[in-house]
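Beneath this line is the structure, given in structure tokens, with notes to follow.
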Amino acid sequence: MFCLLLTMLQAFWTNALSNHDLDLLNLLVPVLLGMSSSLLAWQIMRQSPLAIWNPLVWFLLACTMYYGLGQLIHIFGNTDSVERVNSLYLVDQPGLARTNLLHTVGVMIIVGAYVLAATLFKQQKRTAMSDAGSQAFERQSAREARSAALLFLLIGLPIKYLLELPYNLGLLTWVLPGSVQYLGTLSGMAIIPLYWLYKKRGGIYGPIILALVISEFLVDLVSLSKLEMIKTAIFLLLGTQLVKPGLKKLVLSGIMIVVGYVLIASPFVNFARVAVGRAAAKDLWQAVDLVEQFNAKGRTVQDVQFPKAQLWWARLAYSNVELFAMRQYDRGHPGATFKLAPYTLIPRFIFPNKPRMNSGLEFTFLITGDQNMMSQTGLGALGEGYWNGGWLGVAVVGIVVGVLLAAFSHFSMRMLESRIFMFLPISMAGIMLGLRIDDWFVPTYLGTTIQLLLVYLAIQYVVRPIQLGNLAHVEHAVQRDGAGYGGETTSASCLPALGTRSAPPSSIPGTQ
31 MFCLLLTMLQ AFWTNALSNH DLDLLNLLVP VLLGMSSSLL AWQIMRQSPL AIWNPLVWFL
91 LACTMYYGLG QLIHIFGNTD SVERVNSLYL VDQPGLARTN LLHTVGVMII VGAYVLAATL
151 FKQQKRTAMS DAGSQAFERQ SAREARSAAL LFLLIGLPIK YLLELPYNLG LLTWVLPGSV
211 QYLGTLSGMA IIPLYWLYKK RGGIYGPIIL ALVISEFLVD LVSLSKLEMI KTAIFLLLGT
271 QLVKPGLKKL VLSGIMIVVG YVLIASPFVN FARVAVGRAA AKDLWQAVDL VEQFNAKGRT
331 VQDVQFPKAQ LWWARLAYSN VELFAMRQYD RGHPGATFKL APYTLIPRFI FPNKPRMNSG
391 LEFTFLITGD QNMMSQTGLG ALGEGYWNGG WLGVAVVGIV VGVLLAAFSH FSMRMLESRI
451 FMFLPISMAG IMLGLRIDDW FVPTYLGTTI QLLLVYLAIQ YVVRPIQLGN LAHVEHAVQR
511 DGAGYGGETT SASCLPALGT RSAPPSSIPG TQ
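Residue numbering for the sequence shown follows the numbering used here, beginning at 31 and increasing consecutively.
Below, the structure written as structure tokens:
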């Protein structure tokens, strides 16, 4: 179905160009691309209850929002909305058609690279878990969940409250490395194993997870971060789906998250940042006051220049910045952001003068010419690919993103089927890679992959051996003390190790 819709899209494209009917073209391309992306995501989710952990699903949903719905603002948006988008850079009908072509080609390359890479990964020999569903496996899964939750909280809470939150509040005078900020997300990630333990064991885990969820949302509120709010909601969604998967519940929860983001989180954060003139509130009391102000007047006018603009819709439209970048390359002024790639291999604590990996400020100055504007403008991976290397750059970005999504999908399925919760940070990062097609390519895809490789090595060769050694010692004691009672025991050989225990290949969601 996905290939059929894309074929229809290309047919409409050829016909519209031959008839010089760009209005029809700019209507049909986003609609068909959004429909095909949504249908493919739906097909993948129907194949496996764990498909929500497949980064391709999140990528396709992001494509529906940005490349489908976002592009349609030029067709169906009100006057203020269109003018607001064009105020940064004018998008005419030929220019809109070019960005639609960019999206179509980019998505086809990414999905094609994903399918090829996923096929290669599936050819690897995998051993089935003979003890899946047994009491021994459930007990071991509970131990895995407890160990992961404890580790995530011990690392994540100090970093989030002592480093990340002060940094967001502007209390630190030095740049907090992205790798350290990433570790701060571990506190929220603990929601997933804690929710699993609450549903399986009950008891104290209920109050713990409630306190953690409230704490995470309060920090997100003070930080005025839409992304962190969405992350916390996604952590809850992933936890519920891991315990009791359900397609209807998943779709309903997803709709609630999208509606909450569009109607509440995004408008509030933008209103609050304008009200305080900074990226975060000073403290919780100011954040609460901003909520009250938003409820009183923030919903009426949020843009003085374009008071009737549909801001939630305008922020999904990247056609203006993409068209600017494409024309810059065509005029002989290519971007140089790909030259930052080698710096992803060097930690900032080794090279303090390492350049900022996010090029948002520089791009804002390039497109506006205003040195005083401190807003960071995103371009998106596909637009950045064209800006740096034309269609060849788009192909490079598409292949890299597609292969990475397939690799993270393959890894996540093996980890979750074996209930090895320690590797949740890597699986969650894969989901974020699928969602962040609006971000910069080098720090988001290359930099994150390098960091996750180090995280994997640390978990696999340091944390896991210590954990398995301690569990094996406990199991040996239980086996020794319980041998005279004829009770069931669990040997150390039953402990899951990544790469040795996994489910049959048929349970891995993919494309057909």
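Where is the CB? At the ideal position from N, CA and C, for every residue including glycine. Keep in mind it's a predicted model, so treat the numbers as computed, not measured.
Beta-carbon proximity of TRP204 to LEU272, cut-off 7 Å | It is not a contact, given that the beta carbons lie outside the stated cut-off.
Exposed or buried, what is PRO455 when buried is set at 16 or more other beta-carbons lying within 10 Å of its beta-carbon?
-> Classification for PRO455: buried.
How many Å lie between ALA92 and VAL61 at the Cα?
-> 14 Å
Would you call LYS279 buried or exposed, if buried means 16 or more other Cβ atoms sit within 10 Å of its Cβ?
-> exposed
Residues near LEU482 by beta carbon distance below 8 Å, same chain, minus five either side = These residues qualify, in order along the chain: PRO455, ILE456 and ALA459.
Spatial neighbours of GLY136 within its chain, please: CB distance less than 6 Å, with the 5 preceding and 5 following residues excluded, ordered by chain position.
-> For GLY136, where only same-chain residues beyond five positions count, the Cβ hits under 6 Å are LEU412, VAL424 and GLY428.
Is DSSP giving PHE336 helix, strand or coil here?
-> coil
Cβ-Cβ distance between MET452 and ILE489 below 7 Å | ILE489 sits close to MET452, with the two beta carbons spaced by under 7 Å.
Neighbourhood of THR398 by C-beta distance below 6 Å, restricted to the same chain and skipping five residues each side = none
Sub-7 Å separation of GLY408 and ASP469 beta-carbons | yes
Is TRP470 helix, strand or coil when you go by DSSP?
-> coil
Buried/exposed call for HIS440, threshold 16 Cβ in 10 Å = buried
Distance CB(ALA309)-CB(ARG114) smaller than 7 Å = no
Could you pull the start and end residues of the alpha helix (DSSP H) that LYS278 belongs to?
-> Start and end: 277-290.
Could you tell me the distance, in whole angstroms, from the CA atom of GLY419 to the CA atom of LEU57?
-> 28 Å
State the DSSP-derived secondary structure class of SER448, mapped to helix, strand or coil.
-> coil
Closest residue to PHE379 among ILE238, ARG231, GLY208 and VAL249 (Cα-Cα distance) = Of ILE238, ARG231, GLY208 and VAL249, the residue nearest in Cα terms is GLY208.
Which ranges would you report for the alpha helix (DSSP H) in the region 211-255 if only whole runs of at least 4 residues count?
-> If we require 4 residues or more, the alpha helix (DSSP H) runs fully inside the region 211-255 come out as 216-219, 221-231 and 235-253.
For ALA81, name the three-state secondary structure that DSSP assigns.
-> helix
For ILE238, which residues from the same chain have a beta carbon less than 7 Å from its beta carbon, with the 5 sequence-adjacent residues on both sides left out?
-> LEU224
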